[in-house]
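Sequential numbering from 7 applies to the sequence shown in my numbering.
Positions of the beta carbon are idealized from the N, C-alpha and C atoms, including for glycine.
What follows is a set of notes on a single structure, which appears directly below.
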Amino acid sequence: MLPREENELLTRIGAHTAMGQTMRRYWIPALLARELEERDGPPVRVRLMGEDLVAFRDSAGRIGLVDEYCPHRRASLWFGRNEDGGLSCVYHGWKFAVDGRCIEQINEPVPFCHKVHLTAYPTVELGGVIWAYMGPPEHTPPLPKFAWTQAPASHRHVSKVIQECNWLQALEGGLDTSHAPIMHRLLRDDAGRGGIKPSSAYVRAKAPALVVDLTDYGYQYAGIRALGDDEQHIRTYHYILPFHQIRASRSETGGRVDAGHIWVPIDDENTMVYNWQYSLADAPLSDEDRLERGIGNGPLHVDPTTFRSKANRSNNYLIDRAVQKTLSFTGIDGVNVQDRAIQETMGAIVDRSREHLGPADKAIIQLRRLLREAVTVAGNGGVPRGVKPSYYELRAAEMVVPRAGDWRSLIGEGLKPEAILETV
Ligand code: FES
Ligand SMILES: [Fe+2]
């Protein structure tokens with residue numbers, strides 16, 4: 007349960023809110039690199055953190071991420087001409103460089119460019135994603151070089167999809183291990199759709215005990231599920247502030263991958279979910295892997311130009327009640343479609359004053375605690391967790407190990423003992 011004021015504090019991300027200012031202390035995914043490949047190509051609308059922006063790649067290949075509205079009389083620069091080293095407003099021809107400098111005012115006999123500036127955010131291209139920094143320049147953090155961003159493009163895949171609810175409830179869903187083998191389970195191994203098979207250890211095992219290790223980037227945690235008398239199933243996750251998850255997974259064709267999501271606020275009531283994975287095998291990801299058929303984030307489930315989910319609230323997520331009786335727990339196709347559906351049913355911003363949390367929600371309770379702490383630290387001018395680059399090499403793990411013995415020592419690099427500050 008969260009009191010109303012705290013719910014407001016953690017969920018609202020406008021530029022003048024405490025959480026909005028805290029989140030602006032980190033690099034934030036703004037768009038996919040493949041949306042902005044062409045020099046002097048069409049500008050792209052980007053709504054990010056409640057701000058309307060436009061991205062463009064200039065003649066020299068540099069990326070601009072600027073206020074959508076021209077500082078002259080507020081026309082939309084999305085309609086602008088991108089040519090000869092800048093973006094020109096088509097209303098009166100004022101032209102801007104990627105850093106927001108005004109470089110032409112062709113409607114003025116005596117230009118006063120030096121008095122005009124367009125808001126522009128620095129960007130970096132890493133891992134097939136264009137990231138923005140929207141905070142104070144003196145607090146610019148180290149580059150977000152997550153391990154997945156360093157994988158070769160042949161081994162890496164990133165997609166994105168709009169989720170119509172607040173970023174925090176989507177993030178909480180991603181750190182909530184107890185729902186996964188329930189909501190995402192199939193009813194038959196041969197169901198022929200995305201989901202977790204009933205014969206898998208994840209589904210067969212008992213309800214999880216959660217162990218959360220706090221770290222300087224957020225936390226790592228393990229869901230530990232008893233499996234018969236002798237074994238246990240362990241699945242580890244990392245949470246890196248403010249909105250990153252890393253988890254162990256399998257590609258569509260069964261290859262071992264690390265995967266994760268980034269839940270980026272579009273505004274208070276909409277989230278852009280980035281979905282990444284990279285192959286841990288020598289083999290690159292295949293075309294089938296990139297379709298994301300089972301997980302439900304690829305072109306079969308998401309419009310590749312609008313990034314809207316084809317199954318959405320207006321069509322009840324295409325729930326099939328016959329499938330729900332016979333093949334899958336939800337009757338909704340696509341593992342992450344199920345997540346989006348059920349998290350959107352909670353309302354645009356869920357009323358956390360009316361919830362009832364239990365021990366299975368421990369990771370969510372700690373997540374909220376860390377976010378509150380980050381707001382306090384950032385508000386006092388300090389460096390919140392997740393800014394320092396201690397998260398660069400993180401990996402996750404999922405395996406069945408004997409119940410006897412120390413599970414931490416058996417799961418290899420999925421958890422880092424040296425990173426633990428406190429276990430809760
Ligand atoms: S409104 Fe943009 S140049 Fe006048
Ligand atoms: Fe899920």
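Review point. Cβ of C95 within 6 Å of any heavy atom in ligand 1?
Key: Along the sequence shown, one-based indexing puts residue 95 at 89. It does: the Cβ of C95 is within 6 Å (strictly closer) of some heavy atom of ligand 1.
**Study point:** 3 or more residues per run - each beta strand (DSSP E) lying fully within the region 250–296
**Key:** Those beta strand (DSSP E) runs which fall completely within the region 250–296 and span 3+ residues are 250–256, 262–273 and 276–285.
Review point. Counting only runs that start and end within the region 120–178, where is the alpha helix (DSSP H) found for 4 or more residues in a row?
Key: 153–156
Practice item. Check each candidate in F335, M25 and D345 and name the one with the smallest Cα separation from K203. Key: Walking along the sequence shown from the start, residue 203 turns up at place 197. Among F335, M25 and D345, the Cα nearest to that of K203 is on F335.
Exercise for review: With S94 as the anchor, note down where its beta strand (DSSP E) starts and where it stops.
Suggested key: Within the sequence shown, the letter at position 88 stands for residue 94. Looking at the DSSP string, the run of the beta strand (DSSP E) that includes S94 is G92 to S94.
**Study point:** V329 to H123 span [Cα, whole Å]
**Key:** Counting from 1 along the sequence shown, the entry for residue 329 is found at position 323. Counting from 1 along the sequence shown, the entry for residue 123 is found at position 117. A direct Cα-to-Cα measurement between V329 and H123 gives close to 56 Å.
Review point. Tell me, which residues are paired with Q108 by DSSP?
Key: Against the sequence shown, residue 108 aligns to sequence position 102. Per the sequence shown, the amino acid found at residue 108 is Cys instead of Gln. Beta-bridge annotation (DSSP): C108 is paired with F102.
**Study point:** Run of the beta strand (DSSP E) containing D219, from where it starts to where it stops
**Key:** Counting from one through the sequence shown, the residue named residue 219 turns up at place 213. That run of the beta strand (DSSP E) goes A215 to L220.
Check your understanding: Would you say D90 touches ligand 2, meaning its beta carbon is less than 6 Å from a heavy atom?
Key -> Your numbering for residue 90 matches position 84 in the sequence shown. It does not: the Cβ of D90 is nowhere closer than 6 Å to a heavy atom of ligand 2.
Practice item. Specify the secondary structure class of T429 as computed by DSSP and reduced to three states. Key: Working through the sequence shown from its first residue, we reach residue 429 at position 423. The answer is strand: DSSP assigns T429 an E or B state.
Check your understanding: Considering only the beta carbon of each residue, do Q169 and R346 sit closer than 7 Å?
Key -> Residue numbering aside, residue 169 sits at position 163 when the sequence shown is read from its first letter. Residue numbering aside, residue 346 sits at position 340 when the sequence shown is read from its first letter. Against a cut-off of 7 Å, the Cβ pair of R346 and Q169 comes out as a contact.
Exercise for review: Rank V167, T183 and P423 by C-alpha distance to the C-alpha of N303 and give the top, closest one.
Suggested key: Walking along the sequence shown from the start, residue 303 turns up at place 297. That would be V167, whose Cα lies nearest to the Cα of N303.
Practice item. Ignore the nearest five residues each way along the sequence and tell me which others in V356's own chain have a CB closer than 6 Å to its CB. Key: Here the question's residue 356 lines up with position 350 in the sequence shown. Taken in chain order, the residues that qualify are Q175.
**Study point:** Endpoints, the alpha helix (DSSP H) within which V341 is located
**Key:** On the sequence shown, position 335 is the one that residue 341 refers to. Here the alpha helix (DSSP H) through V341 covers V341 to E350.
Practice item. Using the Cα positions of S415 and P408, report the straight-line distance between them to the nearest angstrom. Key: Your numbering for residue 415 matches position 409 in the sequence shown. Your numbering for residue 408 matches position 402 in the sequence shown. Looking at the two C-alpha atoms, the distance is approximately 11 Å.
Exercise for review: Could you give the DSSP three-state label for V50: helix, strand or coil?
Suggested key: One-based indexing of the sequence shown puts residue 50 at position 44. In this structure, V50 counts as strand in the three-state DSSP scheme.
Practice item. Indicate whether P6 and V270 have their beta-carbon atoms separated by less than 7 Å. Key: Any question about residue 6 goes unanswered here, given that the chain covers just 7 to 430.
Practice item. Kindly list the residues whose CB is nearer than 6 Å to the CB of P390, restricted to its own chain and excluding five residues on each side of it in sequence; keep chain order. Key: The residue given as residue 390 occupies position 384 in the sequence shown. Within its own chain, the residues whose Cβ lies closer than 6 Å to the Cβ of P390, once the five positions on either side in sequence are excluded, are A380, V383 and A384, listed in chain order.
Practice item. Could you tell me the distance, in whole angstroms, from the CA atom of L324 to the CA atom of L363? Key: In the sequence shown, the residue the question calls residue 324 occupies position 318. In the sequence shown, the residue the question calls residue 363 occupies position 357. Answer to the nearest angstrom: the Cα atoms are 30 Å apart.
Check your understanding: Near G300, what residues of its chain come up, given a Cβ to Cβ distance below 8 Å and the 5 sequence neighbours on each side ignored?
Key -> Counting from 1 along the sequence shown, the entry for residue 300 is found at position 294. Only R199, G200, G201, E258, G340 and V341 meet the Cβ criterion.
Exercise for review: Can you grab the Cα-Cα spacing for the pair C171 / L286, in whole Å?
Suggested key: Indexing the sequence shown from 1 puts residue 171 at position 165. Indexing the sequence shown from 1 puts residue 286 at position 280. Going by the C-alpha atoms only, they are around 32 Å apart.
Practice item. May I ask which residues mark the beginning and end of the alpha helix (DSSP H) holding E114? Key: Along the sequence shown, read from residue 1 onward, the residue named residue 114 stands at position 108. Taken as a continuous stretch (DSSP letters only), E114 belongs to no alpha helix (DSSP H), as it is neither H nor E.
Check your understanding: Once you ignore the five residues that flank A197 on each side, which residues in its own chain have a CB closer than 7 Å to its CB?
Key -> Taking the sequence shown and counting its residues from 1, the one referred to as residue 197 is at position 191. These residues qualify, in order along the chain: L333 and S334.
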